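A short worksheet on the structure shown next.
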Amino acid sequence: MNTRPVEPRGTAGGPLTPFLMLGLVWAVFALLWLSWLAGRIVATVVRHRAGPGFGSLYLERLLRADWPALWPGVSPSTVGVVYAVLLLTLVGLVTLAAAWWQGRKPDAEDPLPSLAGPADVRPMALPAVAAKARRLRRALANLPVKDIPAASAGVLLGEHRRRRGSGPRLYSSWEDVILAVMAPRAGKTTALAVQSILNAPGAALATSNKPDLWATTAAVRAEHGTVWVFDPQSIAHVPQGWWWNPLAAVEDVEDAHRLANHFVQQVRNSQGSDDFWIQGALDLLTSLILAAALEGRTLATVQAWLSDSTSREPAAILKNHGFGASARAMSGRQAGAPETREGLYETARTAAACLANPTIMAWVTPPDLPLPALDVETFVESTDTLYLMSKDGAGAAAPLVAGLTDQVLRAAVAVAEAHGGRLDPPLIACLDEAANICKIADLPELYSHFGSRAIIPLTILQSYRQGTRVWGEQGMDALWSAATVKLVGAGIDDARFAEDLSRLVGEHDVTVASHSRDGRGHTSYQTSVRRQRILDPAHIRALPKGSALLFATGVKVAMLNLLPWYDEPLAEQLTTAVAASTAEMTRQAQRTRAARRDRMAQRSWRGSAG
Ligand SMILES: Nc1ncnc2c1ncn2[C@@H]1O[C@H](COP(=O)(O)OP(=O)(O)OP(=O)(O)O)[C@@H](O)[C@H]1O
Ligand SMILES: [Mg+2]
Numbered sequence: 128m129n130t131r132p133v134e135p136r137g138t139a140g141g142p143l144t145p146f147l148m149l150g151l152v153w154a155v156f157a158l159l160w161l162s163w164l165a166g167r168i169v170a171t172v173v174r175h176r177a178g179p180g181f182g183s184l185y186l187e188r189l190l191r192a193d194w195p196a197l198w199p200g201v202s203p204s205t206v207g208v209v210y211a212v213l214l215l216t217l218v219g220l221v222t223l224a225a226a227w228w229q230g231r232k233p234d235a236e237d238p239l240p241s242l243a244g245p246a247d248v249r250p251m252a253l254p255a256v257a258a259k260a261r262r263l264r265r266a267l268a269n270l271p272v273k274d275i276p277a278a279s280a281g282v283l284l285g286e287h288r289r290r291r292g293s294g295p296r297l298y299s300s301w302e303d304v305i306l307a308v309m310a311p312r313a314g315k316t317t318a319l320a321v322q323s324i325l326n327a328p329g330a331a332l333a334t335s336n337k338p339d340l341w342a343t344t345a346a347v348r349a350e351h352g353t354v355w356v357f358d359p360q361s362i363a364h365v366p367q368g369w370w371w372n373p374l375a376a377v378e379d380v381e382d383a384h385r386l387a388n389h390f391v392q393q394v395r396n397s398q399g400s401d402d403f404w405i406q407g408a409l410d411l412l413t414s415l416i417l418a419a420a421l422e423g424r425t426l427a428t429v430q431a432w433l434s435d436s437t438s439r440e441p442a443a444i445l446k447n448h449g450f451g452a453s454a455r456a457m458s459g460r461q462a463g464a465p466e467t468r469e470g471l472y473e474t475a476r477t478a479a480a481c482l483a484n485p486t487i488m489a490w491v492t493p494p495d496l497p498l499p500a501l502d503v504e505t506f507v508e509s510t511d512t513l514y515l516m517s518k519d520g521a522g523a524a525a526p527l528v529a530g531l532t533d534q535v536l537r538a539a540v541a542v543a544e545a546h547g548g549r550l551d552p553p554l555i556a557c558l559d560e561a562a563n564i565c566k567i568a569d570l571p572e573l574y575s576h577f578g579s580r581a582i583i584p585l586t587i588l589q590s591y592r593q594g595t596r597v598w599g600e601q602g603m604d605a606l607w608s609a610a611t612v613k614l615v616g617a618g619i620d621d622a623r624f625a626e627d628l629s630r631l632v633g634e635h636d637v638t639v640a641s642h643s644r645d646g647r648g649h650t651s652y653q654t655s656v657r658r659q660r661i662l663d664p665a666h667i668r669a670l671p672k673g674s675a676l677l678f679a680t681g682v683k684v685a686m687l688n689l690l691p692w693y694d695e696p697l698a699e700q701l702t703t704a705v706a707a708s709t710a711e712m713t714r715q716a717q718r719t720r721a722a723r724r725d726r727m728a729q730r731s732w733r734g735s736a737g
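According to this note's numbering, the sequence shown is numbered sequentially starting from 128.
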């Protein structure tokens, strides 16, 4: 701990003695003056002649208890009553002032007085955020600030925590981009993700590897618009009601490269530097995706081409559509040493393993039934909600979740540009479990543009290191710096991150009193001012569940109480929705299990017959 004794003082009799003496003198003076004031007030009220002014004559008569001379024609007991009232008022005021000062003076044991106070967080409280929303959103331009509802003003982050009780609710504005880092079960979904989706004024996108976010919010969101659920791995057991063609938005090499990159993220190392195989697999997938898109084929074709490393078709298509360089690169790769070619194809196959899963492919290839296709541009301008769910790990649908999220975000940028620069209403993109299922490689770079387009990403990570594993040290640093609102909650076990946060929170001077005894038994008292961290790393590690530190650009670090949905006014409605969704999920899961058991029984019957 960094401590710096600033003014050690030894004072016989105690450090406060001179102050106590001075205070005593002033107190006696105040008591005497109050008695004079009480007499004056009573004399004025009963319209009697006033006695002597406050001075030596008054004091002399007071000491002699010469009441008639002090307050001519006025009853001393009336003066006594007024005096008591004045005294009580004074004591009340002094107590209030002392409590106010006590609440604000730095405390070695309590960080709250040294963190953001009411005035510091005012720019993030409702009136200021609503005023900003009126400036940022055309739809609110003619509304009085007081009529702008909280959900239209910004994204609810939590409630400002104070030493005694709590302060106002704090919001991020429609030009903030948000990053939250909290351990498992710290309240990321129940407090942040659910609130952001429930209150989204326009379209909302949510990624998750669990059904909880969908189960809690889908019913309420269905009142605002269509609910689209992308659940190819049956996390919520939602039957397929639509499909998405990832190739529909692929027109050139850049589009194909972006889509291919989401697959390659599955096999990329955490250093962020691509080796020969990764880079080769990325180029190969880019070429195959572009060729399939140009011919109006689907991801099924890409998968078929991946299985046949000698197929000349992709190169021919690329050449026919004028992508000569891509065609030559493709042919060159196929003409190389067989070991190299197979190595590249194998890496690409591993990256795109999910394409070999027919259940997943059913969501991204033309369905047998006449299901609608999702149009991302229409979605961005709607008040619909899109839930994207995938498991973690190899073969998961995560690249498709990242791909669809990326296409929605890009469509949002295009729509914003076509509407004068900003989306109105804004798009909320809540990327829960982003480091597991939504590894958009250039998310850190995109972050710095989104705020100005009214695209509000809320990326939720379990730890800083989880982000480093996906985006590399530099990428994660860039994401951290680009996020204008950062929330750090319970369970930060990364010593380096905790130390960095502790330094960001800063230091304060605290007064420490101590006493020592010399050889002759005399006690001497000392006060010293010590400079120490407001929150040391151990305190940050021990942040309780339900609280979070808020690092917002231009605002002192504040402590928040998170606001989980189950403690909010909608709790009853949402609990009913969760129960209904869970019951439906259970029914679907039982049906799936029964069908699987039937299939298994069939197989073993055939086996024994053979
Ligand atoms: N309806 C509820 N009533 C009371 N507590 C709940 C309710 N739902 C969840 N919780 C509790 O809230 C806490 C936070 O849960 P939440 O799902 O938000 O965690 P999380 O940070 O998203 O974790 P994970 O990383 O596992 O997704 C958990 O301890 C959970 O048990
Ligand atoms: Mg969660």
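Each residue gets a CB set at the ideal place from its N, CA and C atoms; glycine is no exception. Note that this is a predicted model, so its numbers are computed, not measured.
Item                                                                                                                                                                                  : Value
As a quick exercise: from 329, 445, 339, pick the residue whose alpha carbon is nearest that of residue 321.                                                                          : 339
Three or more beta-carbon pairs under 8 Å between the stretch 353-369 and the stretch 496-513, yes or no?                                                                             : yes
What whole-angstrom Cβ distance do residue 391 and residue 478 have, given they're in contact under 8 Å?                                                                              : 5 Å
Start and end of the alpha helix (DSSP H) containing residue 162?                                                                                                                     : 144-172
Run the CB neighbour count on residue 389, radius 10 Å, all protein chains shown included, and call it buried at 16 or more, exposed below.                                           : buried
In chain order, what residues of the same chain have a beta carbon less than 8 Å from the beta carbon of residue 133, not counting five sequence neighbours either side?              : Any reading at residue 133 must be qualified, since the residue scores a pLDDT of 43, below 50, and its modelled position is unreliable; the value itself is stated next. Closer than 8 Å at Cβ, skipping near neighbours: 636, 655, 656, 657, 658.
How long is the line joining the alpha carbons of residue 604 and residue 305, rounded to whole angstroms?                                                                            : 14 Å
Inspect the beta-carbon positions of residue 205 and residue 169 and report whether they are closer than 8 Å.                                                                         : yes
In the DSSP assignment, find the unbroken alpha helix (DSSP H) run with residue 681 in it and report its ends.                                                                        : No alpha helix (DSSP H) holds residue 681; DSSP gives it neither H nor E.
Could you tell me whether any non-hydrogen atom of ligand 2 is closer than 7 Å to the CB of residue 559?                                                                              : yes
For residue 332, which residues in the same chain have their Cβ closer than 6 Å to its Cβ, ignoring the five residues on either side in sequence?                                     : 513, 535, 556
In chain order, what residues have a CB nearer than 5 Å to some heavy atom of ligand 1?                                                                                               : 311, 312, 313, 314, 315, 316, 317, 693
Report all residues from its chain with a CB closer than 8 Å to the CB of residue 437; omit the five preceding and five following residues, and keep chain order.                     : 461
When the distance is taken between beta carbons, is residue 552 closer than 8 Å to residue 329?                                                                                       : yes
May I ask you to check if the CB of residue 672 is nearer than 7 Å to at least one heavy atom of ligand 2?                                                                            : no
Label residue 288 either buried or exposed according to how many other C-beta atoms from any shown protein chain fall within 10 Å of its C-beta, with 16 as the threshold for buried. : buried
Go ahead and pull the three-state DSSP assignment for residue 425.                                                                                                                    : coil
Do the CB positions of residue 448 and residue 482 come within less than 8 Å of each other?                                                                                           : no
Strictly by DSSP, which residues pair up with residue 370?                                                                                                                            : 500
Quick one: is the Cβ of residue 518 within less than 7 Å of any heavy atom of ligand 2?                                                                                               : no
Mind the definition here: the stretch 245-254 touches the stretch 308-316 only if three or more C-beta pairs lie below 8 Å; say whether that holds.                                   : no
How about the stretch 291-303 and the stretch 466-475: do they share at least three Cβ pairs that are nearer than 8 Å?                                                                : no
Per DSSP, what are the beta-bridge partners of residue 357 in this structure?                                                                                                         : 515
I'd like to know whether the C-beta atoms of residue 538 and residue 550 end up nearer to each other than 8 Å.                                                                        : no
Does any heavy atom of ligand 3 sit closer than 7 Å to the C-beta of residue 619?                                                                                                     : Of the ligands this structure carries, namely ligand 1 and ligand 2, none is ligand 3.
Take residue 593 and list the residues in its own chain whose beta-carbon comes closer than 7 Å to its own, dropping the five residues that flank it on each side.                    : 562
At the 8 Å Cβ level, is residue 542 part of the contact set with chain D, yes or no?                                                                                                  : Checking the listed chains, one finds no chain D in this structure; it contains a single protein chain.
Which class does residue 565 belong to by DSSP, given the choice of helix, strand or coil?                                                                                            : coil
Would you call the stretch 662-680 and the stretch 262-272 touching, i.e. three or more CB-CB distances under 8 Å?                                                                    : no
Quick check on residue 131: does DSSP put it in helix, strand or coil?                                                                                                                : At residue 131, the pLDDT of 45 sits below 50, so the modelled position is not reliable; the number obtained from the coordinates is stated separately. Correct three-state label for residue 131: coil.
If distances are taken between C-alpha atoms only, which option among 650, 718, 677 comes closest to residue 790?                                                                     : There is simply no residue 790 to check, as the chain begins at 128 and stops at 737 in what is shown.
Nearest CA to the CA of residue 341: which residue from 155, 363, 326?                                                                                                                : 363
Beta-carbon within less than 7 Å of residue 199's beta-carbon, same chain only, minus the 5 sequence neighbours each way: which residues are those?                                   : 175, 176, 178
For residue 284 and residue 347, what's the separation of their Cα atoms in angstroms?                                                                                                : 20 Å
Please state the DSSP three-state secondary structure of residue 662.                                                                                                                 : coil
Judging by CA-CA distance, which residue of 344, 620, 336 is the nearest neighbour of residue 323?                                                                                    : 344
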